[in-house]
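Peer 1:
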Amino acid sequence: MRRIPDSWTQTLGSKKHAVMFLLLLGFFTGMSFLSESYGTGSICLIYNTTGVPCPTCGMTRSYLALLHGDLSSAFLYHPLFFLVPVLFYAFLYQKKKLMVGLFFLFVLVYIYRMIVYFPHTEPMLYHRHSLWGRIINLLGKVF
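For the sequence shown, the working numbering begins at 3 and goes up steadily by one.
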């Protein structure tokens with residue numbers, strides 16, 4: 003069995019990184035509770051701020067569909083859902099070429115999904131009640 007690289011263990015062991023991780027975890031947990039109380043249904047910081055779906059938009063719904071045995075819906079929500087374990091492996095074992103390749107693949111699929119599905123098809127919908135959407139709406143009322 004392969005060992006986790008020492009640099010990864012050192013990074014996890016550093017107190018500064020542990021505190022930063024806990025702060026980020028707390029922030030996103032708080033965002034999830036806020037998003038549920040405001041009815042957005044999403045914990046994605048990019049989606050809730052800009053109203054535009056992020057490259058991983060639909061990933062959670064994809065895995066939920068997979069857990070329900072609905073493979074076609076899983077691919078519909080996000081066609082690269084099956085590559086997430088590969089991405090974790092590449093990150094954990096510092097496979098930089100694999101990470102770069104997966105990054106470009108995710109970007110290409112994101113561009114395709116934005117061209118074909120945005121803003122009218124789930125999960126690539128525009129979020130009108132995002133922070134940016136509210137600012138635009140307010141500016142429209144003022145001017």
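Ideal Cβ positions, reconstructed from N, Cα and C, are used throughout, including at glycine.
Predicted model only: the values in this text are computed from it and were never measured.
Short check: CB of Gly60 to CB of His131, under 9 angstroms?
Peer 2: Going by C-beta atoms, Gly60 is not nearer than 9 angstroms to His131.
Peer 1: From Glu124, Leu141, Met22, pick the residue whose C-alpha is nearest to that of Thr62; which is it?
Peer 2: Ranking Glu124, Leu141, Met22 by Cα distance to Thr62 puts Glu124 first.
Peer 1: Taking 9 angstroms as the cut-off, decide whether the C-beta atoms of Leu68 and Leu107 are in contact.
Peer 2: Their beta carbons are not under 9 angstroms apart, which means Leu68 does not touch Leu107 by this criterion.
Peer 1: On the DSSP letters alone, give me the boundaries of the alpha helix (DSSP H) that Phe77 sits inside.
Peer 2: Its alpha helix (DSSP H) spans residues 73 to 79.
Peer 1: Whole angstroms is fine: what's the gap from Thr58's alpha carbon to Leu47's?
Peer 2: Near 12 angstroms, if we compare the C-alpha coordinates of Leu47 and Thr58.
Peer 1: Around the C-beta of His70, are 16 or more other C-beta atoms found within 10 angstroms, so that it is buried, or is it exposed?
Peer 2: Label assigned to His70: exposed.
Peer 1: How would you label Asn139, buried or exposed, when you count the other beta carbons within 10 angstroms and need 16 or more for buried?
Peer 2: Exposed is the call here.
Peer 1: Between Leu104 and the ligand GDP, is there a pair consisting of the residue's CB and a ligand heavy atom that are separated by less than 8 angstroms?
Peer 2: The model on display carries no ligand, and the ligand GDP is accordingly not part of it.
Peer 1: What three-state label does DSSP hand Lys97 in the structure shown?
Peer 2: Coil.
Peer 1: Rank Leu89, Ala76, Tyr128 by C-alpha distance to the C-alpha of Tyr65 and give the top, closest one.
Peer 2: Comparing Cα positions, the closest option is Ala76.
Peer 1: Give the DSSP-derived three-state secondary structure of Leu27 in the structure shown.
Peer 2: Helix at Leu27.
Peer 1: Should Ala92 go down as buried or exposed, given a rule of 16 or more other Cβ atoms within 10 Å for buried?
Peer 2: Its Cβ being crowded by 16 or more others within 10 Å, Ala92 is buried.
Peer 1: Under the three-state reduction of DSSP, which class applies to Leu69: helix, strand or coil?
Peer 2: If DSSP states are grouped into helix, strand and coil, Leu69 belongs with the helices.
Peer 1: Just the C-alpha distance for Leu73 and Val21, rounded to the nearest angstrom, thanks.
Peer 2: Using only the alpha carbons, I get a separation of about 38 angstroms.
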